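Heads up, the thing below is written out as structure tokens.
Numbering (UniProt numbering), first residue to last: 1 to 398.
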């Protein structure tokens, strides 16, 4: 029995009527194929930051350790600034050719970039070619992730029934939290299991080699998906999605970026910065920094699906976004003060947990709002560009 799709007129979105067992099995396959692979891609992308010191020593040697670290961190940042270009390239391809075809390309790109980092000989072995390879590989990772997040969210939103959109899209956010948790956990595990010399020499490569699972797993599950048809109400795919976006949907893209930045900047300020701050400035045990990262990641895994269920039961999505954004804006400074004056780990965990919970509650809803505001002809480009640009701009606050 084939699964029939119907198209909703406002944006020309193809959806499946919910109900039978085959529909649920197909939706589960779609969620796994999009969220699992997006999570693996996010893991491959972010694990670079956990091992920046080792990577700096291996590929950017300098008499000054700080210079070596700064070069490695700069290479880490290259990935962020390549994401908008990836969003433009892959998003436009997804709107012209198809979502599944675009996701297959991003899987290959991320796999090749990760393999290059994990297998590249050190500067001592091949000289200046080593940092060139690392920068090129990091750029390829940025291109892949910039195009994949929006395309995968578009695919799962269009494939599911209207009544379950919030829940389905929320797993895209949850997968990113899972990737952060896996990366942080693996970093701590390797730090405890290996001597410092072994970790600096070859141990840091292990997460990248594990990340190569993106190729066999990603290609297998994504190639088994059926491409969503172009909705009949759109007439055809857009020949020039970027031109159409800038001409007809520029305001939507700007609003989307502002909503996303309103959630991302507090996360960078409170969550990502805190693990280093509490260990280096507040001189707390390293385990406290890990607990901060782990708590935030756990909340980003657990809360978005619950938020998605709430969203599906309440047709008005904006009040939840306004509530979470407003509370975050009001609390971020008091929370920062509470953390910086903390005498123990408990206030730090409470503060980070509060901000993380608010962001997790609204992140999936913001993504869904943007997806529903864009027509199918340019949806993948629109959400990808909005997300990538806001990440690139927000990363300058780190």
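We put the CB at the ideal spot given by N, CA and C, even for glycine. Every value quoted in this text rests on a predicted model; they were computed, and no experiment measured them.
**OP:** Taking the CB atoms as reference points, tell me whether residue 146 and residue 82 lie closer together than 8 Å.
**Re:** yes
Original post:
Taking C-beta to C-beta, are residue 253 and residue 385 nearer than 8 Å?
Top reply: yes
**OP:** To the nearest angstrom, report how far apart residue 244 and residue 297 are at their CA atoms.
**Re:** 37 Å
**OP:** Run the CB neighbour count on residue 202, radius 10 Å, all protein chains shown included, and call it buried at 16 or more, exposed below.
**Re:** exposed
Original post:
Does DSSP put residue 327 in a helix, in a strand, or in coil?
Top reply: helix
Original post:
Rounded to a whole number of angstroms, what is the C-alpha to C-alpha distance between residue 278 and residue 351?
Top reply: 13 Å
**OP:** Using the Cα positions of residue 155 and residue 308, report the straight-line distance between them to the nearest angstrom.
**Re:** 17 Å
**OP:** Identify, in the order they occur along the chain, each residue of the same chain with its Cβ nearer than 7 Å to the Cβ of residue 152, setting aside the five sequence neighbours on each side.
**Re:** 34, 38, 103, 172
**OP:** Could you tell me how far apart the beta carbons of residue 353 and residue 299 are, in whole angstroms, since I believe they sit closer than 8 Å?
**Re:** 6 Å
Original post:
Which ranges does the alpha helix (DSSP H) cover as unbroken runs of at least 4 residues, wholly within the stretch 241 to 312, from first to last along the chain?
Top reply: 241 to 248, 250 to 266, 274 to 280
Subject >> First and last residue of the uninterrupted alpha helix (DSSP H) at residue 204 >> reply: Residue 204 -> no alpha helix (DSSP H), and no H or E assigned at all.
Original post:
Alpha carbon to alpha carbon, how far is residue 196 from residue 387?
Top reply: 37 Å
Subject >> Under the three-state DSSP convention, the category residue 62 falls into >> reply: coil
**OP:** Taking residue 183 and residue 80 to be in contact with their CB atoms under 8 Å, please state how far apart those CB atoms are, rounded to whole angstroms.
**Re:** Going by Cβ atoms, the distance from residue 183 to residue 80 rounds to 16 Å, so no, they are not a contact pair.
Subject >> From 47, 68, 36, 96, residue whose alpha carbon lies closest to that of residue 379 >> reply: 96
Original post:
Near residue 157, which residues of its chain fall below 6 Å by C-beta distance, leaving aside the five closest residues on each side in sequence?
Top reply: 165, 169, 371
Subject >> Spatial neighbours of residue 364 in its chain, beta-carbon cut-off 6 Å, leaving aside the 5 residues before and after >> reply: 169, 170, 173, 304, 307, 308
**OP:** Take residue 288 and list the residues in its own chain whose beta-carbon comes closer than 6 Å to its own, dropping the five residues that flank it on each side.
**Re:** 278, 345
Original post:
Can residue 304 be considered in contact with the ligand ZN, in the sense that its beta carbon sits closer than 7 Å to one or more heavy atoms?
Top reply: This structure lacks the ligand ZN, and indeed carries no ligand of any kind.
Original post:
Which residues in the same chain have their Cβ closer than 8 Å to the Cβ of residue 318, if we skip the five residues on either side of it in sequence?
Top reply: 369
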